[in-house]
Structure formats: structure tokens, C-alpha cells
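Trainee: Take a look at the following structure, please.
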Amino acid sequence: AQSVTQPDIHITVSEGASLELRCNYSYGATPYLFWYVQSPGQGLQLLLKYFSGDTLVQGIKGFEAEFKRSQSSFNLRKPSVHWSDAAEYFCAVGSSGTYKYIFGTGTRLKVLA
Amino acid sequence: ETGVTQSPTHLIKTRGQQVTLRCSSQSGHNTVSWYQQALGQGPQFIFQYYREEENGRGNFPPRFSGLQFPNYSSELNVNALELDDSALYLCASSQRAGARNTIYFGEGSWLTVV
């Protein structure tokens, strides 16, 4: 069965520190991978996406993610976190021939001043 | 701003009632998907509409139904509301059906069932 796992429910980092949010997927076909961010009470904003090609993907707000097929992972990174990055982050996966995304349960990021 | 608009933003209904949520897709997008996001959870796929036809459905009962109109706007209808239907309902649009077409979400409609 297709699934997405975000092992960390909560992460707290200090402002200016680096960040890595983990995402692992289980998918039979070549996956399409996405990271979305959701601020409290808001909808989801697309940060970045991977379909094929270069496994290191750049997104908005200084985020990047790396697709590692051997580890079935698509971890999100940012070299220096800003207080405004505090939000919930969702990893999602889709694939060719499907019409839906499967989302992880999210990682809530707290940023300390 | 994704250009996807949803209404209403918040509503409260009583168990057993019916509700209709509305969504206007981004200009140029002909596909609308609906997701349910319960508190503390990730979004769960309800169904997708492509050119006014249901294109796929998740594990939701038939009392969840939808429509897509010629202008590609969409409605989600839920009958016989249950307490567990309390959630954020997200509409997303894309240029075409299929997972390779990135979906863009609206701000959502918060439904509380009491």
C-alpha cells in the first residue's frame, strides 16, 4: 500500500539554525514528491516538487529537498531558519497513473527566538 | 495566493444536517480535487472532478458527493452529517487531471458538526 511517513511530529529549532524535516514514502512506481507548508488556520502552500531529473530540488523561501531513491526519502532542508518558518509541514506523494496525493501526518515546526 | 477560493470559510452544522461547500478553481484549471483534513492530521483525498465528471474517489462514503460546473467551479456536498465530519475541507485545482499536474490549494472551509 502507498504511504508517506513523517517520523517527527514536532521539531523545535533556534532561529538561524539549520533544519531538516524527514519524509519517507512507500510507493511501487516512480513517485512524484511534494512538500507543502501550512500556517495556522490556513490552506497549504506548495514549497517544492520533484518529478524527475536532478535529485536536489530548490523551492521557495530558501527551502530545498533531496530525493534519495535508495532510502525512499525526500527530506526537506533549510540552512538558516527564520521565525516566520514556524508552521506545519506536509510531505505528499503521487505517481503517474494516479489522480490523488497521499499526505503524511505533518511535522510541526517551532522556532525559538 | 493560489487563485483558488472557497466559501464559506467557517460554518457550524448540527448532526444529521446537510452542508454544501463551494470552490472556484484557478483560472485555466479544469480539474478540482477535494481533501478532508481532520485536526492534527494530513489531508485525505475525497474525490476529484475533471471536466464535470468524477475522476476518482478516496475512501469516503456516498454521503460525500460533488459537482463540477462548466466554468470548472465545484461543490462538495455532505449529507447526514456526523460529528467526525468536523474538519477543514480543502479544495485544490490543477491544469489537468493526474498526479504530475501540481495541485494548488485554497484556504479551506472549516466545518464544525455539533
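Which chain is which? The protein sequence lines are P and S, in order.
Residue numbering for the first sequence follows our numbering, starting at 876 and increasing by one per position.
Residue numbering for the second sequence follows our numbering, starting at 50 and increasing by one per position.
Using N, Cα and C, we set each Cβ at its ideal position, and we do this for glycine too.
Whose C-alpha, out of Trp83(S), Gly89(S), Pro92(S) and Ala87(S), is nearest the C-alpha of Tyr99(S)?
Mentor: Translated into the one-based positions of the second sequence, residue 99(S) becomes position 50. Looking at the Cα atoms, Trp83(S) is the closest of the given residues.
Trainee: Looking at chain S, which residues of the region 908 to 928 of chain P have a Cβ within less than 9 Å of any of its Cβ atoms?
Mentor: Phe909, Tyr911, Gln913, Gly916, Gln917, Gly918, Leu919, Gln920, Leu921, Lys924 and Phe926
Trainee: Tell me, please, whether the CB atom of Thr973(P) is closer than 8 Å to any CB atom in chain S?
Mentor: Taking the first sequence and counting its residues from 1, one reaches residue 973(P) at position 98. Yes, because at least one Cβ of chain S sits closer than 8 Å to the Cβ of Thr973(P).
Trainee: List, in order along the chain, the chain S residues whose C-beta lies closer than 7 Å to that of Phe978(P)?
Mentor: Taking the first residue of the first sequence as position 1, residue 978(P) is located at position 103. What Phe978(P) touches in chain S: Gly91 and Pro92.
Trainee: Gln67(S) and Leu130(S) look like a contact to me (Cβ under 8 Å); what is the Cβ gap, rounded to whole Å?
Mentor: Numbered from 1 along the second sequence, position 18 holds the residue referred to as residue 67(S). Numbered from 1 along the second sequence, position 81 holds the residue referred to as residue 130(S). Between Gln67(S) and Leu130(S), the beta carbon gap of about 7 Å places them in contact (Cβ cut-off 8 Å).
Trainee: According to DSSP, simplified to helix, strand and coil, what is Lys953(P)?
Mentor: The sequence position of residue 953(P) within the first sequence is 78, counting from 1. In the structure shown, Lys953(P) adopts extended strand secondary structure according to DSSP, grouped into three states.
Trainee: Does any CB atom of chain S fall closer than 8 Å to the CB of Phe965(P)?
Mentor: Position 90 of the first sequence, counting from 1, holds the residue named residue 965(P). Phe965(P) counts as touching chain S.
Trainee: Identify the residues that DSSP records as bridge partners of Asn150(S): which are they?
Mentor: For the purposes of this step, residue 150(S) is taken as the residue at position 101 of the second sequence. Answer by DSSP bridge pairing: none, since Asn150(S) is not bridged.
Trainee: Identify, in the order they occur along the chain, each residue of the same chain with its Cβ nearer than 6 Å to the Cβ of Leu116(S), setting aside the five sequence neighbours on each side.
Mentor: The residue you call residue 116(S) lines up with position 67 of the second sequence. Here the set comprises Glu124.
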